[in-house]
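Colleague: Using this note's numbering, the first residue of the sequence shown is number 5, and each one after it goes up by one. Don't be surprised by glycine CBs; every beta carbon is placed ideally from N, CA and C. Source: prediction; values computed, not measured.
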Amino acid sequence: MRADRGAGSVVALGLIAVVVTAVLALLAVLGPVLKGARAQAVADAAAIAAAVELRHGRARGSPDVAGACAVAARAAALAGAALTGCTPGSAVGAMRVTVDAGVERSAVAGPAP
Numbered sequence: 005m006r007a008d009r010g011a012g013s014v015v016a017l018g019l020i021a022v023v024v025t026a027v028l029a030l031l032a033v034l035g036p037v038l039k040g041a042r043a044q045a046v047a048d049a050a051a052i053a054a055a056v057e058l059r060h061g062r063a064r065g066s067p068d069v070a071g072a073c074a075v076a077a078r079a080a081a082l083a084g085a086a087l088t089g090c091t092p093g094s095a096v097g098a099m100r101v102t103v104d105a106g107v108e109r110s111a112v113a114g115p116a117p
């Protein structure tokens, strides 16, 4: 019976190694997914900011796409991303933006077409 002494510790260390390996593998898989989700959220927020700014400009009688894109750039920068594209959307008052937050994502915001 003395030969089995300490076998539980070896088994426990083996199980810990398996769990740590599984967690690291999961993080490796989920990292890019989470990065993409974050980039999409930034793109959504920047597009909404641009569309709201464009709508306010229209209400003042001077819709300004460049001003809307500047607002989108500030919104992206506040989230740690860079605005890489900004154009009017297909619907009047809509804006399409593209941001780079480690991965590139696009979003459109504005009134329904």
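Hey, would you say Ala47 sits closer than 7 Å to Ala98, going by beta carbons?
Modeller: Walking along the sequence shown from the start, residue 47 turns up at place 43. Walking along the sequence shown from the start, residue 98 turns up at place 94. In this structure, Ala98 does not lie closer than 7 Å to Ala47 by Cβ.
Colleague: In whole angstroms, what is the alpha-carbon distance linking Ala86 and Thr25?
Modeller: Taking the sequence shown and counting its residues from 1, one reaches residue 86 at position 82. Taking the sequence shown and counting its residues from 1, one reaches residue 25 at position 21. Cα-Cα distance, rounded: 35 Å.
Colleague: From what residue to what residue does the alpha helix (DSSP H) around Ser13 run?
Modeller: Residue numbering aside, residue 13 sits at position 9 when the sequence shown is read from its first letter. Ala11 to Arg64 is the span of the alpha helix (DSSP H), which, as asked, contains Ser13.
Colleague: On the CB-based measure, 16 or more other CB atoms within 10 Å of its CB, does Gly10 come out buried or exposed?
Modeller: Mapped onto the sequence shown, residue 10 falls at position 6. The residue in question, Gly10, is exposed, as its Cβ has fewer than 16 Cβ neighbours within 10 Å.
Colleague: Identify the continuous alpha helix (DSSP H) that holds Ala76 and give its terminal residues.
Modeller: Here residue 76 is taken as the residue at index 72 of the sequence shown, counted from 1. Run containing Ala76: Val69 to Leu82, per the alpha helix (DSSP H) assignment.
Colleague: Measure the Cβ-Cβ separation of Val75 and Ala54 and say whether it is below 7 Å.
Modeller: Indexing the sequence shown from 1 puts residue 75 at position 71. Indexing the sequence shown from 1 puts residue 54 at position 50. Yes, they are a contact pair.
Colleague: In terms of residues, what are the limits of the beta strand (DSSP E) holding Val112?
Modeller: Here residue 112 refers to the residue found at position 108 of the sequence shown. First-last of the beta strand (DSSP E) with Val112: Glu108 to Ala113.
Colleague: Does the pairing of the segment 31 to 49 with the segment 58 to 69 give three or more beta-carbon distances under 8 Å?
Modeller: The answer is no - the segment 58 to 69 does not touch the segment 31 to 49, with fewer than three Cβ pairs under 8 Å.
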